[in-house]
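Trainee: Chains as they are written, first to last, in our numbering: chain S, 1 to 415; chain G, 1 to 415.
Idealized CB from N, CA, C, for every residue including glycine.
Before anything else, here's the structure in question.
2 protein chains.
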Amino acid sequence: MRLSKLFTKTIKTVPADEAAKNAKLLIRAGFIHKEMAGVYSFLPLGLRVLNNIAGIVREEMDAVGGQEVLMPALQLKERYEATGRWDDRVVDDWFKTKLINGAELGLGFSHEEDLSPLLRNFVNSYKDLPLMVYQVQTKFRNELRSKSGLMRGREFLMKDMYSFAVTQAEHEAVYAKIQAAYGKIFYRLGIGDQTFLTSASGGSFSKYSHEFQTLSEAGEDTIYLDRQKKVAINKEVFTTEVIADLGLKGEDLEEVRAIEVGNIFSLGTKFSKPFNLTVPDEHDVRQPVLMGCYGIGISRVMGTIAELKSDDRGLIWPQSIAPAKVHLVCLGNSAKVIQAADRLYNDLTAAGTLVIYDDRDERAGEKLADADLIGLPYRLVISDKTVTGNMVEVKRRSETAVTLVDQKSVMKALE
Amino acid sequence: MRLSKLFTKTIKTVPADEAAKNAKLLIRAGFIHKEMAGVYSFLPLGLRVLNNIAGIVREEMDAVGGQEVLMPALQLKERYEATGRWDDRVVDDWFKTKLINGAELGLGFSHEEDLSPLLRNFVNSYKDLPLMVYQVQTKFRNELRSKSGLMRGREFLMKDMYSFAVTQAEHEAVYAKIQAAYGKIFYRLGIGDQTFLTSASGGSFSKYSHEFQTLSEAGEDTIYLDRQKKVAINKEVFTTEVIADLGLKGEDLEEVRAIEVGNIFSLGTKFSKPFNLTVPDEHDVRQPVLMGCYGIGISRVMGTIAELKSDDRGLIWPQSIAPAKVHLVCLGNSAKVIQAADRLYNDLTAAGTLVIYDDRDERAGEKLADADLIGLPYRLVISDKTVTGNMVEVKRRSETAVTLVDQKSVMKALE
């Protein structure tokens, strides 16, 4: 992609009301645009990151047997009345709307109330279970305040998976499988080392739910972390009994701030009973299905990574989700430099490497600053200085060292 | 994909309130699920089709230089007041909602009001134009009635592109380029021969807008078609003057029903002026930007294709958008048959062919009926009869002929 063709540009000033570091950086780099508090547009580079994150999440959900669907935002009132979740005093962040005929509808913040009745059409026997269904879909939550950029959106992209099982043992096996998949996902996204399985409040059907918490001062949660054992306890359930129950010791735990990037939850029969989602078990006795739900905020993860993976010069994308691998900068206007840069761009692109090519007629300082702000894993520079020896300057965004490499060996330097 | 693992099944009964042929077929085949009138969930097979359609549309939009973004559903009231589109008497199919603090918001039915102010951040000169920005995004329209299945959704997936140009000539060149891309798209989707460029009302900034109308008795539009010249006139502008103006003759025109699958429209300065989206031209005089908008209803196209490409036994997907290429049916329970079918499934999958493999323990009649209903391009049958000679039965969904092919030559038979 030639930067001269990309319609976005890096920008100097962010909206005055934008307080969050992640949003400020992403706005300055031209990845997102703020429409209102908690509501952002994703621009070409930002959409690539969002899609890359969603792609990794999809692969891991598919790998454990998840089946992808797409459910609507518009939600029927009667279904939420059936589960007791229509009332604004129960769910305080509903967006609601109305059909022309006056019938009230909600905008989905979660999809248990869609999926449970849907599955009644397809699940007839214990042999049809366990099963896992997921979607990557836009959610709406009417947050009173939304000051954390992509980390607390009023409209945001979420992966929500739901599991369905007959027996408690079957449910727990599925739950463990998805928990392991979540661990993989955060490593693939480049935040595995800072992300910890955290016990949190469980509700009526299990002692605990589990969150994946990524350490960050910008986080809204307080957790107590055992760095050795790589597990944590959310402040909301932090008691002497829980510490002991989880086999931890108070003196090993450190109070830290963290961002909840994923959560998994046993729902029991809370959403199967109201919709009569039951199956005959092996003894032909109808049993209400046991459910679990498993969320990852795709756009929130993008905000989290921007928050963590950056320095005072800009973003530092992990290669797995970067909008491209290489930022190629052409410095200088001589025909020789331009030819060499064009050729390198064409060669890399032909080899399947995603490149952002800064072919603009801009000052060198501007171009190098933009490369740092946009934050691709590798910066390549072709200039009058490098071109004489058929060399190219290679620098990793995450490191300070600059090396000169023969243009023909550049693919090797990118490995 | 093994059918024994797919959570959806074909179903015998469709909701009593479902009147549209496309929705009935897609529900019976397990592609979609009706949540309420005009609001559907996409199940695994249906989501594949939807993604395949969106993929083709994206490729053609990228090919003409379109840049993809993703804008939000939540819309600010003040922007629509600026363009005069907030009032329900002007736009009669708004869904509206409110923030907790009482501020009114809309749910986007189109995105001119987001994109014009957004571009003010990035467009500084005539040299930045022309440019084309598009998204594939969920739209909301509060239809009074919604009885046409996927063809008139209250919530639906749409590709909306917007173009920005300085001069009228530049605008017209972009418009022509996108018009040509639309032609390609409908051919790639398998409905090119039934889809016709149709002149419709143009508004203040151009004589005509253009629709792409696909012939169907289920369509809501009436058009006057010149089959020789492959162009049509929408009834809304059908006058003697218009016929003459377009170089057509009344006697060559046939009145037919059609479905509007795409439309392209010159917007002039209607949305650039209210947001002061101007650029200095070559003489450094600021000019309001000329815009165009270009829509394709992705989910509506899916409904249209289901409506057109089907018979009394079920769906007949064009290969370009089918959820898989091959429906492999294992008939019989002998080890030999199952082994041969498993091997064929593995071989085809390893060769990159998408296969739905009916490995279920079901009656033959059921399996063959399901294959017809689901409607993949090729049906392969392995049975006691075929397996003795290492053969496989091959049938195209769109044809009646059945041929016996050596299992080793099956790839050739699928070309």
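At the 8 Å Cβ level, is G/Glu68 part of the contact set with chain S, yes or no?
Mentor: yes
Trainee: Whose C-beta lies closer than 6 Å to the C-beta of S/Lys273 among residues of the same chain, with five residues either side of it excluded?
Mentor: Pro288
Trainee: Could you check what DSSP says for S/Arg379 in three-state terms: helix, strand or coil?
Mentor: Three-state DSSP puts S/Arg379 in a strand.
Trainee: So, does the segment 146-164 of chain S touch the segment 294-313 of chain S, judging by three or more C-beta pairs under 8 Å?
Mentor: yes
Trainee: Taking S/Leu43 and S/Ile32 to be in contact with their CB atoms under 8 Å, please state how far apart those CB atoms are, rounded to whole angstroms.
Mentor: 6 Å
Trainee: With 8 Å as the limit, tell me which residues of the segment 1-13 of chain G have their beta carbon closer than that to any beta carbon of chain S; keep them in chain order.
Mentor: Lys5, Leu6, Phe7, Thr8, Lys9 and Ile11
Trainee: Identify the continuous alpha helix (DSSP H) that holds S/Phe186 and give its terminal residues.
Mentor: Unbroken alpha helix (DSSP H) run through S/Phe186: Gln168 to Arg188.
Trainee: Could one say the Cβ of G/Asp114 lies closer than 8 Å to chain S's Cβ atoms, at least one of them?
Mentor: yes
Trainee: Chain S partners of G/Ile100, CB-CB under 7 Å?
Mentor: Asn142 and Leu144
Trainee: So, for S/His111: in the same chain, excluding its five sequence neighbours on each side, which residues have a beta-carbon less than 8 Å away from its beta-carbon?
Mentor: Met71, Gln135, Gln137, Asp160 and Tyr162
Trainee: Counting only beta-carbon atoms, is G/Glu155 nearer than 8 Å to chain S?
Mentor: yes
Trainee: May I ask you to list the residues that DSSP assigns as paired with G/Phe122?
Mentor: Note: G/Phe122 sits in no beta bridge, so no partner.
Trainee: Please list the terminal residues of the continuous beta strand (DSSP E) segment that includes S/Gln228.
Mentor: Unbroken run through S/Gln228: none, as it is neither H nor E.
Trainee: On the criterion of 16 or more Cβ atoms from any shown chain inside 10 Å, does S/His171 qualify as buried, or is it exposed?
Mentor: buried
Trainee: Just by C-beta distance, which residues in the segment 31-44 of chain S are closer than 8 Å to chain G?
Mentor: His33, Glu35, Met36, Val39, Tyr40, Ser41, Phe42, Leu43 and Pro44
Trainee: Closest Cβ-Cβ distance between G/Pro274 and chain S: below 8 Å?
Mentor: no
Trainee: Among G/Trp317, G/Ala335, G/His210 and G/Asp226, which has the Cα closest to the Cα of G/Gln236?
Mentor: Looking at the sequence shown, residue 236 of chain G is not Gln but Glu. The shortest Cα separation from G/Glu236 among G/Trp317, G/Ala335, G/His210 and G/Asp226 belongs to G/His210.
Trainee: How far does the beta strand (DSSP E) with G/Lys395 in it reach, from first residue to last?
Mentor: Met391 to Arg396
Trainee: For S/Arg379, count neighbouring C-beta atoms within 10 Å of its own C-beta (all shown protein chains included) and say buried if the count is 16 or more, exposed if not.
Mentor: buried
Trainee: Leaving out five residues on either side along the sequence, give the residues of the same chain with a beta carbon under 6 Å from the beta carbon of S/Lys395.
Mentor: Arg379 and Val402
Trainee: Using a threshold of 8 Å, state whether the C-beta atoms of G/Asn22 and G/Trp94 are closer than that.
Mentor: no
Trainee: In the DSSP assignment, find the beta strand (DSSP E) that holds S/Ala165 and state where it starts and stops.
Mentor: Here the beta strand (DSSP E) through S/Ala165 covers Glu155 to Ala165.
Trainee: List in chain order: all unbroken alpha helix (DSSP H) runs of 4+ residues lying wholly within the segment 5-80 of chain S.
Mentor: Contiguous alpha helix (DSSP H) elements confined to the segment 5-80 of chain S occur at 21-28 and 44-63, taking only those with 4 or more residues.
Trainee: Contact between the segment 100-116 of chain G and the segment 49-68 of chain G is defined here as three or more beta-carbon pairs at a separation below 8 Å; is this criterion met?
Mentor: no
Trainee: Expressed to the nearest angstrom, what Euclidean distance is found between the alpha-carbon atoms of S/Gly30 and S/Thr83?
Mentor: 42 Å
Trainee: Contact check, G/Leu76 vs S/Glu393 under 8 Å by CB: the rounded distance?
Mentor: Their Cβ separation, rounded to whole angstroms, is 45 Å, which puts G/Leu76 and S/Glu393 out of contact at 8 Å.
Trainee: Spell out the partners DSSP gives S/Val405 in its beta bridges.
Mentor: For S/Val405, DSSP records a beta bridge to S/Val392.
Trainee: Give the interface partners of S/Val133 over in chain G, defined as CB-CB distance under 8 Å, in chain order.
Mentor: Here the neighbours are Phe7.
Trainee: Sort G/Thr214, G/Ile11 and G/Phe186 by Cα distance to G/Ser320 and report the nearest one.
Mentor: G/Phe186
Trainee: Rounded to whole angstroms, what's the CA-CA distance from G/Asp406 to G/Leu189? Just pull it up for me.
Mentor: 31 Å
Trainee: Tell me whether G/Ala371 is buried or exposed, calling it buried when 16 or more other Cβ atoms sit within 10 Å of its Cβ.
Mentor: buried
Trainee: Helix, strand or coil for G/Ser272 per DSSP?
Mentor: coil
Trainee: Could you tell me whether any Cβ in chain S is nearer than 8 Å to the Cβ of G/Leu197?
Mentor: no
Trainee: What number of angstroms, rounded off, separates the C-alpha of G/Ala335 from the C-alpha of G/Asp361?
Mentor: Going from the Cα of G/Ala335 to the Cα of G/Asp361 covers about 13 Å.
Trainee: Considering only residues of the same chain and omitting the five flanking positions on each side of S/Gly202, which have a CB-CB separation below 6 Å?
Mentor: Contacts found: Tyr208 and Ser209.
Trainee: Determine the chain S residues that contact G/Met71 at a beta-carbon separation under 7 Å, and present them in chain order.
Mentor: Ser41
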